[in-house]
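Heads up: the sequence lines are chains A and B, in that order.
Per our numbering, the first sequence starts with residue 58, numbered consecutively.
Per our numbering, the second sequence starts with residue 2, numbered consecutively.
Beta carbons are placed, not taken as given, at the ideal position from N, Cα and C, and that holds for glycine.
Notes follow once the structure below has been shown.
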Amino acid sequence: MSEGASAPARHHNILIVTIMVVELKIKKKNPWGSFIKYRNCFDYIAPYFTRSGSIYTGLTPEDEKYYEKALGYPEGHLAKTSEFWNTFSVKVGARGVLLDDSIPRQAMMIKFLEGHKRVATTLDKLDAGKDYLLINREAEAIEQNKQNKLRRDAIKEFDTLSLEQMRKCLRLFGANADRMSNELVESTLFNIVDKQPKKFMDKWVNNKSKETEFLLENAIAKGVIRKDKTHYFYGSDMFADSLDDAIAYLDSKKNQDLRLSIINETENK
Amino acid sequence: MNNTLLNNLQLYRGRRFSDLVDENMISNALLTKPHEVAGLLSLVFGTKDDGVSTTIDLLTGGLGKTMIIENREFEWAVQVDSEHAINIRWAKWNGKEITSSNYLSETPGLNGTPIYIALEERWFGPGAILSFDDYKFQVRVNGVPYQDGSAWVYEVYVVDGAQAAYIPGEFLLPGRQVSRLGSAYEEYSDEADIINYQTPFKMRGHLQTLRLTYDITGDAYSTVLAIALQDPETGKKSYLWADYQYWLALREWKKREEYQLLFSKSNRLADGTYLNKGTNGRPAPTMSGLFEQISPANIRYYHHLTAELFEDYLFDLCYNILGTNERRFVALTGEMGIREFDRILKEKVASFNMCENIFVTGSGQNLTLGGQFTTYNMTNGITLSLKRCPLFDNMEMFRQLHPLTGKPLMSYTFLFVNISNFDGQANVVKVCRKGREFVQWYTGGSVSPSGYANSINTLRSNSRDGYQVHFLGEEGIMVRNPLNCGILYCDAEDTEICNDGGINIGA
């Protein structure tokens, strides 16, 4: 969110005001009925107790003073201890609510919603714990463009892969591509890249340890290494208790003889 | 509690309870009257057993509000108000679309010129008088609309006594709405407005199979307890471990059933399949509980309850009551919810100067102070009664605590359900598969519930020294009209958000 949503900032005696209209939407669709809200029904987003036992209002002491003046309230009316917050809420239904920060009361609502625990202010902050999205369409488009670019980049990287690399990559996604036809390998991996571009970039393109990770996964699949929960065993010896540790162990110079043995055994099986 | 329904309930207390403690009484009764006994169990655990006190099961199954069906899935229709406002997709005047950049400078409809508005639905006929978001601005529909893509385009003219009248552009922007006021026609007219039918929307629920099992060893079957299981009504006692175990299992069954009826989340996916599968690969459906069915209705959060907030919220619920003057609500809540409710009403009556007469009784050295509000008759005929739902107070289940009082936050929750009857049908009903509301059986070894196997000709299913009892139920819950139900949550930040697990070690 830009600074326009809060009390206008002053720099060198120049008042900077950015007018912004944002939209508040309910993001959680009821999985049972596949709808957001029944008609004429609403959610009322209200202040809540913080861990310290005080009340979340979203306003700093400066904001409180600013909005008290802007809304014509007496001093202290918007303080955290004020009764004003007992009944304050932002009402939102299936249609969403537009809030214009050039209108003081709505600007205060934006301020309240920005830090609210149930409200996400960008698409990438929208997680399972957030029920509402407060976003302006411009920002939403920027975020969407970021995701589209990631998808395009992932597809470009996919285009550079050889079939052998594709098979290795599929192994990192938990699929055994050894007996798959070339066509099936390509289409299976493309589906993954298309639907999970970020995971593809993290697991393959930007993964510096992908060769070792592949070796581990392949060795586990062929029974050379045994994995029990998060522990990795070679024979009866546990050599790592997490994937990161196992990669570090096999990449370490002093363990190259073990690495070679694992490679040889895996290739021979 | 000043509520006829709940008073009726109290009449049942204990009267039928006496049958439940004698040897094999429930199992025998179930053979002949399975549905009646299942309802009776709901009643007993809902009224008598302080350890469970199953409120929802009581309000549905315990009062005979059970619907028996023959399939796993069930559907019902929810009637909504047929009158509704229609969204504007776009509006044009003088060939120019009204947008957020030009709406201030345009004067749509000036001097009797036509405005073209594209609406999302074909909801109005020729001659209809429509009003905008401010009812003072009205237009009349001319002729029938034509379709443009998925929108319906209406030619409308301003209805006003002045030639210079026009519709402010802001009411014609996309997303604004129009609704019907009436209609007007010329002499010898050939047109008429249309009637709209709002078809009820369909809801679909499905049943969930619940199961429970327990074992009795051959030795335990005849073990005598030091403490007797006593029927509070007749005083009859049973000292047998098997009876005690059976009673405990029934109690646990009812508790789990209650949790499911309240909090279960449906795992049915959009394509009709179920997310969870059992070990044999078949789907394991879960029902949609009361909280999930009500969640698309009115949800409000609070941190400090006031009478004003309560009234405001109940008025919101009333907007969705159709075709009845009944405005009687029951709110299920925990101990703290009841206390909060009492507090706000006492604060309210404090201003009436009537506390002394109502809350102080007795005289001299024998004065009593006290009294608790559980019913509130508000303005406009709204009545709210509270019913305690003991599960809301369960600290093992609801571990998030109120930051000031340290009590479970859930104990402050109010679940508003309209338990009135609509068209002779209960609004909240338990739904069960025919013959499978409560099924129980055993697999016997050396002993069965009726006794030890004493003959070589006795056939048993396994060689164990004991027997195993199984309970099964296939059930769900249905809120016929969830629109006038709601939830009021006391809200607080998660107090354990920084807990990395370390503080629980050794706890």
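How is the beta strand (DSSP E) around residue i delimited, first residue to last?
i	result
M479(B)	467-480
Q148(B)	139-149
S184(B)	178-184
M295(A)	294-297
K213(A)	That residue, K213(A), is in no beta strand (DSSP E); its alpha helix (DSSP H) goes 194-216.
D216(B)	209-218
L120(B)	116-120
L111(B)	Here L111(B) belongs to no beta strand (DSSP E), and DSSP marks it neither H nor E.
L81(A)	78-83
Determine the DSSP secondary structure at residue i, reduced to helix, strand or coil.
i	result
D23(B)	Here D23(B) scores only 41 on pLDDT, less than 50, and its place in the model should not be relied on; the value that follows carries that caveat. Correct three-state label for D23(B): coil.
F145(A)	coil
R20(A)	Since the first residue of chain A shown is 58 and the last is 326, residue 20(A) is not available in this structure.
G338(B)	helix
I71(A)	Summary for I71(A): the model assigns pLDDT 49, below 50, so the residue's position carries little reliability, and this model does not support an answer.
K137(A)	coil
T224(B)	coil
D161(B)	coil
Q426(B)	strand
W242(B)	helix
V281(A)	coil
Q514(B)	Residue 514(B) cannot be examined here, being either before or after the span of chain B that is shown, 2 to 508.
F172(B)	helix
M165(A)	helix
K388(B)	strand
F230(A)	coil
I345(B)	helix
W153(B)	strand
L291(B)	helix
R269(B)	strand
E270(A)	helix
G206(B)	strand
Output yes or no for whether 8 Å exceeds the beta carbon distance between residue i and residue j.
i	j	result
W124(B)	N72(B)	no
V160(B)	R141(B)	yes
H403(B)	A103(A)	no
L81(A)	L191(A)	yes
E187(B)	P127(B)	no
N482(B)	V79(B)	yes
Q246(B)	Y275(B)	no
T307(B)	I345(B)	yes
K187(A)	A196(A)	no
N485(B)	N321(B)	yes
K203(B)	A427(B)	no
G474(B)	G446(B)	no
Q469(B)	Y453(B)	no
L180(A)	V78(A)	no
V154(A)	F169(A)	no
G487(B)	I295(B)	yes
Contact criterion: CB-CB distance below 8 Å. Does residue i meet it with respect to chain C?
i	result
F99(A)	Absent from the structure: chain C. Protein chains present are A and B.
Please report the Cβ distance between residue i and residue j, rounded to the nearest whole angstrom; I am assuming they are in contact, meaning their Cβ atoms lie under 8 Å.
i	j	result
V149(A)	Y189(A)	7 Å
I282(A)	F290(A)	7 Å
I118(B)	A92(B)	5 Å
M134(A)	F141(A)	Checking the sequence shown, residue 134(A) turns out to be His, not Met. That belief holds up - the Cβ atoms of H134(A) and F141(A) are roughly 6 Å apart, short of 8 Å.
Q401(B)	D495(B)	6 Å
I212(A)	V250(A)	6 Å
T287(B)	Q209(B)	5 Å
A151(A)	K94(A)	4 Å
N113(A)	T107(A)	It should be noted that the sequence gives Tyr, not Asn, for residue 113(A). Indeed they touch by this definition, with Cβ atoms about 5 Å apart.
Which residues bound the alpha helix (DSSP H) around residue i?
i	result
L416(B)	Run containing L416(B): none in the alpha helix (DSSP H); it sits in the beta strand (DSSP E), 415-418.
D317(B)	308-319
D308(A)	300-308
G244(A)	Going by the sequence as given, residue 244(A) is Ser instead of Gly. Unbroken alpha helix (DSSP H) run through S244(A): 239-252.
R316(A)	313-325
E187(B)	Unbroken run through E187(B): none, as it is neither H nor E.
How about the region 408-423 of chain B and the region 451-464 of chain B: do they share at least three Cβ pairs that are nearer than 8 Å?
-> no
State whether the region 381-391 of chain B contacts the region 326-337 of chain B, with contact taken as three or more CB pairs (one from each stretch) at a distance under 8 Å.
-> yes
Taking three-plus beta-carbon pairs below 8 Å as touching, is the region 247-258 of chain A in contact with the region 211-226 of chain A?
-> yes
Count the C-beta pairs between the region 401-416 of chain B and the region 431-444 of chain B that are closer than 8 Å, then say yes if the count reaches three, no if not.
-> no
Contact the region 260-268 of chain A vs the region 229-246 of chain A: 3+ CB pairs below 8 Å | yes
Okay, do the region 169-184 of chain B and the region 133-150 of chain B touch, 3+ Cβ pairs below 8 Å being the bar?
-> yes
Determine, using beta-carbon pairs with one atom in the region 284-301 of chain B and one in the region 474-489 of chain B, whether at least three such pairs fall under 8 Å.
-> yes
Given 8 Å, three or more beta-carbon pairs between the region 105-117 of chain B and the region 161-174 of chain B | yes
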